[in-house]
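Residue numbers (my numbering), protein chains in the order written: chain A, 68 to 390; chain B, 68 to 390. We treat Cβ as the ideally placed atom computed from N, Cα and C, and that holds for glycine. These notes are about the structure you will find just below.
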DNA sequence: CCATATTATACTCATATTGAGCAAAAGGCG
DNA sequence: CGCCTTTTGCTCAATATGAGTATAATATGG
């Protein structure tokens, strides 16, 4: 069997404070996918160089911050129509996922690439809107039905416990980083169409795209979930959020960015206090007037601080009592 | 060019509270390596199953907790004697590194595998011993010399800043998680023999194995550094340390384990207070008498708590004023 | 059998950090 | 000018953290 290695990229940028990912547009029945290219051992000295190469070739711009996410290689992921026990496939493709952050959503030159709001693929991950509570409750119902459909009572119990942990049900807290766990649970419960495709079985038609999101090609939604989880975790212990911001920004726009990535609201005053203490930003003395209320001072990220201190991330004081 | 995928494992266990890794013993001039096996796309449905398979086959025991670390694929890593610009090699091996944790250092059945103290490969990572201060200062001298040998003054500056950040020099704090940064800096400065091998150049003979550690095959020391960094970080936000402990343990032995992994000492009373608050452990009512002083109560990890709360890790209140 | 060393565990206290909210400042707009 | 909106400054109680001191329970050696 031939083994091939591909590189897939989750390229994130903010558009009006909302996180977007670069997607290759689907055609006909084929859904959207992530930018994906083969790793060519002859020409690419490292994975990262290979990735930068073909992203530039395909989309026409240079990605900035890049980090490796995870390597995906389960059978089934590359051959949606193949049954899991079919070992006769002639080729196996494994894919190394990368996360890339760009400060602005540059216009895409060639190819069929588009910026998509990442909540299009995961509507339930946005806990800010009023709609989200309703979606969450619909998903909870579907997962309850799935739990009840288990054969043994221990299995029923176990399924429901996992659902509660993943989705913050039954008094448990919603943990924003559990993006992948949530997607994998929906996959296991066959509530997302990808699961049906992979296993050649019908999808549970309980939930609509408005609730469980638009599907993606192959296992790309899993890769995107991994990227979201990583980024949501990382902004708390590394100052990576600034890789997504323009040179000058207001504290409110920074907060909007953090809220967009995390999917929940922050306490404004405490966010500022924490940011102040961290020393990451510095006022520029100029002001943004087009905001409606009192003009906001523009700030910049003090990049040079990275060589001064032990860099941690920004703090994210969650606003309680709203959920 | 043929592309092959291998799986390498950093299997960690504690022996008398000191972290050890399973290594394949070197022969003659060939240094120790990590357990390494090919990924066989025909028989292995997932990477993890493949890994478990051949680890069991080679060493005779089942590994417990497993997580993917990173995928390594830079040219040069697989062919130590090849020059970087030599693209004529017939084969490229990329390797997916895994971290595995086992609760006890089981006797190894077959093959030439041995448990090695992980500080054998990274003596400077252990900040507890008195020797470490001396080692650190020797390394600082060597890095200073390397900085001074740069051509431009900006480059000199840049090198020294990086050295200070990585090794906590010049008033900066030592960050225990920067294991990989430290190793890569030593590699770049050609202070470790692996660098010399990879580039076909002579190693700077400044430092001895007692200071920079025993080398490993290929890029295995880089993989080990990645594993140490991951584990040192992870025990703070996930209760993975218990995967290394036996069923019943004393709080002192748990603290020993944490100190061994982190490479520095913790404040005993505060460590206990934090552990108490976390709710991770539960007293068993039985006591360990062979400790020399007052008998210590045995505790167990409350595994069931994982389905109750948002699991974080253990806190690690560093003991200051000793360095 | 008592002093002593050794380790375990309990409690204290000052100082930071956090969550939550109130109030003033500085614009635009009718 | 008064009102709405947003930014910014400040307070206050509740908790968490760093760093000790004190006491308890064992083994050991005279």
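Discussion item. I want to see whether chain B comes within less than 8 Å of residue 327 of chain A, judged by CB atoms only; does it?
Written reply: Sequence index remark: in the first chain, residue 327 of chain A carries index 260 (1-based). Not an interface residue.
Fill in: Beta-carbon gap between residue 118 of chain B and residue 74 of chain B smaller than 8 Å
Residue 118 of chain B sits at position 51 when you count from the first residue of the second chain. Residue 74 of chain B sits at position 7 when you count from the first residue of the second chain. In this structure, residue 74 of chain B lies closer than 8 Å to residue 118 of chain B by Cβ.
Practice prompt. Could you tell me which of B:285, B:290, B:241 sits nearest to residue 167 of chain B, measuring between CA atoms?
Written response: Here residue 167 of chain B refers to the residue found at position 100 when the second chain is read from its first residue. When only C-alpha atoms are compared, the closest one is B:290.
Worksheet item: Going by the CB atoms, is the gap between residue 76 of chain B and residue 102 of chain B shorter than 8 Å?
Response: The residue you call residue 102 of chain B lines up with position 35 of the second chain. The residue you call residue 76 of chain B lines up with position 9 of the second chain. In contact: residue 102 of chain B and residue 76 of chain B (Cβ atoms closer than 8 Å).
Practice prompt. Measure from the C-beta of residue 322 of chain A to each C-beta in chain B and report whether the shortest distance is under 8 Å.
Written response: Taking the first residue of the first chain as position 1, residue 322 of chain A is located at position 255. So no, residue 322 of chain A is outside the interface.
Practice prompt. Determine the burial state of residue 336 of chain A: buried for a count of at least 16 other Cβ atoms within 10 Å of its Cβ, exposed for fewer.
Written response: Residue numbering aside, residue 336 of chain A sits at position 269 when the first chain is read from its first letter. Flag for residue 336 of chain A reads exposed.
Worksheet item: Are any of the Cβ atoms in chain B nearer than 8 Å to that of residue 331 of chain A?
Response: For the purposes of this step, residue 331 of chain A is taken as the residue at position 264 of the first chain. Not closer than 8 Å to any Cβ of chain B, the Cβ of residue 331 of chain A fails to qualify, so no.
Item to complete: Residues of the region 331 to 354 of chain B with a CB closer than 9 Å to any CB of chain A: list them in chain order, please.
Response: none
Worksheet entry | CB contact below 8 Å: residue 159 of chain B versus chain A | Residue numbering aside, residue 159 of chain B sits at position 92 when the second chain is read from its first letter. Proximity of residue 159 of chain B to chain A, defined by a Cβ-Cβ separation below 8 Å, is satisfied.
Fill in: CB contact flag (residue 184 of chain B, residue 87 of chain B, <8 Å)
In the second chain, residue 184 of chain B corresponds to position 117, counting from 1. In the second chain, residue 87 of chain B corresponds to position 20, counting from 1. Against a cut-off of 8 Å, the Cβ pair of residue 87 of chain B and residue 184 of chain B comes out as a contact.
Worksheet item: Near residue 215 of chain B, what residues of its chain come up, given a Cβ to Cβ distance below 7 Å and the 5 sequence neighbours on each side ignored?
Response: Numbered from its first residue, the second chain carries residue 215 of chain B at position 148. Here residue 215 of chain B has 223 as same chain residues with Cβ atoms under 7 Å from its own Cβ, once five neighbours each way along the sequence are excluded.
Worksheet item: Would a check of beta-carbon distances place residue 286 of chain B closer than 8 Å to chain A?
Response: Along the second chain, read from residue 1 onward, the residue named residue 286 of chain B stands at position 219. No, residue 286 of chain B does not count as interfacial toward chain A.
Worksheet item: For residue 138 of chain B, which residues in chain A fall below 8 Å Cβ to Cβ?
Response: Numbered from its first residue, the second chain carries residue 138 of chain B at position 71. What residue 138 of chain B touches in chain A: 114, 135, 138, 163.
Discussion item. At the 8 Å Cβ level, is residue 166 of chain A part of the contact set with chain B, yes or no?
Written reply: To locate residue 166 of chain A, count along the first chain from 1; it is residue 99. Output row for residue 166 of chain A: interface = no.
Worksheet entry | Anticipated Cβ contact below 8 Å, residue 213 of chain B with residue 262 of chain B, distance rounded | One-based indexing of the second chain puts residue 213 of chain B at position 146. One-based indexing of the second chain puts residue 262 of chain B at position 195. The Cβ separation is near 12 Å, so there is no contact.
Item to complete: State the CB to CB distance for the pair residue 363 of chain A and residue 81 of chain A, rounded to an integer number of angstroms; the pair is presumed to be in contact (CB under 8 Å).
Response: Here residue 363 of chain A refers to the residue found at position 296 of the first chain. Here residue 81 of chain A refers to the residue found at position 14 of the first chain. Their Cβ separation, rounded to whole angstroms, is 17 Å, which puts residue 363 of chain A and residue 81 of chain A out of contact at 8 Å.
Worksheet item: Between residue 68 of chain B and chain A, is there a C-beta pair that is closer than 8 Å?
Response: On the second chain, residue 68 of chain B is found 1 positions in, with the first residue counted as 1. Yes, residue 68 of chain B lies at the interface with chain A (some Cβ there is under 8 Å from its Cβ).
Item to complete: Counting only the same chain and skipping the five closest in sequence on each side, list residues whose C-beta sits under 7 Å from that of residue 63 of chain A.
Response: In the structure displayed, chain A extends from 68 to 390; residue 63 of chain A sits before or after that span and is not available.
Worksheet item: How would you write the range of the beta strand (DSSP E) that residue 363 of chain A sits in, first residue to last?
Response: Position 296 of the first chain, counted from the start, is the residue given in the question as residue 363 of chain A. Start and end: 363 to 368.
Worksheet item: How would you call residue 110 of chain A, buried or exposed, if buried means at least 16 neighbouring beta carbons within 10 angstroms?
Response: As a working note, residue 110 of chain A is residue 43 in the first chain. The residue is exposed, with fewer than 16 neighbouring Cβ atoms inside 10 Å.
Worksheet item: So is residue 21 of chain A in contact with chain B if we call contact Cβ pairs under 8 Å?
Response: Any property of residue 21 of chain A remains undetermined from this structure, which presents chain A solely from 68 to 390.
Discussion item. Going by beta-carbon coordinates alone, are residue 105 of chain A and residue 71 of chain A separated by less than 8 Å?
Written reply: The sequence position of residue 105 of chain A within the first chain is 38, counting from 1. The sequence position of residue 71 of chain A within the first chain is 4, counting from 1. Against a cut-off of 8 Å, the Cβ pair of residue 71 of chain A and residue 105 of chain A comes out as a contact.
Worksheet item: Would you say residue 109 of chain A faces chain B, with C-beta separation under 8 Å as the test?
Response: What you label residue 109 of chain A is simply residue 42 of the first chain in a count that begins at 1. Chain B places a beta carbon closer than 8 Å to that of residue 109 of chain A, counting this residue as a contact.
Discussion item. Is the beta carbon of residue 163 of chain A closer than 8 Å to that of residue 123 of chain A?
Written reply: The count along the first chain starts at 1 and reaches residue 123 of chain A at position 56. The count along the first chain starts at 1 and reaches residue 163 of chain A at position 96. No, these two residues do not count as a Cβ contact at 8 Å.
Worksheet item: Around the Cβ of residue 253 of chain A, are there at least 16 other Cβ atoms within 10 angstroms (buried) or fewer (exposed)?
Response: Numbered from 1 along the first chain, position 186 holds the residue referred to as residue 253 of chain A. Buried.
Worksheet item: Can you name the start and end residues of the beta strand (DSSP E) that residue 248 of chain B belongs to?
Response: Working through the second chain from its first residue, we reach residue 248 of chain B at position 181. Residue 248 of chain B -> not in any beta strand (DSSP E); alpha helix (DSSP H) instead, spanning 246 to 255.
Discussion item. Taking the alpha carbon of residue 96 of chain B as the reference point, which residue from B:285, B:170, B:293, B:161 has its own alpha carbon closest?
Written reply: Counting from 1 along the second chain, the entry for residue 96 of chain B is found at position 29. Ranking the options by Cα distance to residue 96 of chain B, first place goes to B:285.
Worksheet entry | Whole-Å CB distance - residue 131 of chain A paired with residue 276 of chain A, under 8 Å assumed | In the first chain, counting from the first residue as 1, residue 131 of chain A sits at position 64. In the first chain, counting from the first residue as 1, residue 276 of chain A sits at position 209. Going by Cβ atoms, the distance from residue 131 of chain A to residue 276 of chain A rounds to 32 Å, so no, they are not a contact pair.
Worksheet item: By DSSP, does residue 355 of chain B sit in helix, in strand, or in coil?
Response: The count along the second chain starts at 1 and reaches residue 355 of chain B at position 288. If DSSP states are grouped into helix, strand and coil, residue 355 of chain B belongs with the strands.
Fill in: Simplified DSSP assignment, three categories, for residue 161 of chain A
Working through the first chain from its first residue, we reach residue 161 of chain A at position 94. Note: residue 161 of chain A maps to strand in three-state DSSP.
Discussion item. My output table needs one value for residue 129 of chain A: the three-state DSSP class, helix, strand or coil.
Written reply: Walking along the first chain from the start, residue 129 of chain A turns up at place 62. If DSSP states are grouped into helix, strand and coil, residue 129 of chain A belongs with coil.
Worksheet entry | Sequence ranges, alpha helix (DSSP H) only - wholly within the region 256 to 332 of chain B, length at least 4 | 260 to 266, 276 to 279, 287 to 301, 318 to 329
Worksheet item: Given a threshold of 16 other Cβ atoms within 10 Å of its Cβ, counted over all protein chains shown, does residue 79 of chain B qualify as buried or as exposed?
Response: Locating residue 79 of chain B in the second chain gives position 12, where the first residue counts as 1. Classification for residue 79 of chain B: buried.
Worksheet item: Going along the chain, which residues of its own chain have a beta-carbon closer than 7 Å to the beta-carbon of residue 349 of chain A, five neighbours each way excluded?
Response: Taking the first chain and counting its residues from 1, one reaches residue 349 of chain A at position 282. Excluding residues within five positions, the ones whose Cβ falls inside 7 Å are 366, 367, 369.
Practice prompt. Please state whether DSSP places residue 101 of chain B in a helix, a strand or coil.
Written response: As a first step, residue 101 of chain B must be located in the second chain, where it is residue number 34. Correct three-state label for residue 101 of chain B: coil.
Worksheet item: Under the rule that 16 or more other beta-carbon atoms within 10 Å means buried, what is residue 196 of chain A, buried or exposed?
Response: Here residue 196 of chain A corresponds to residue number 129 of the first chain, with the count starting at 1. So residue 196 of chain A ends up on the exposed side.
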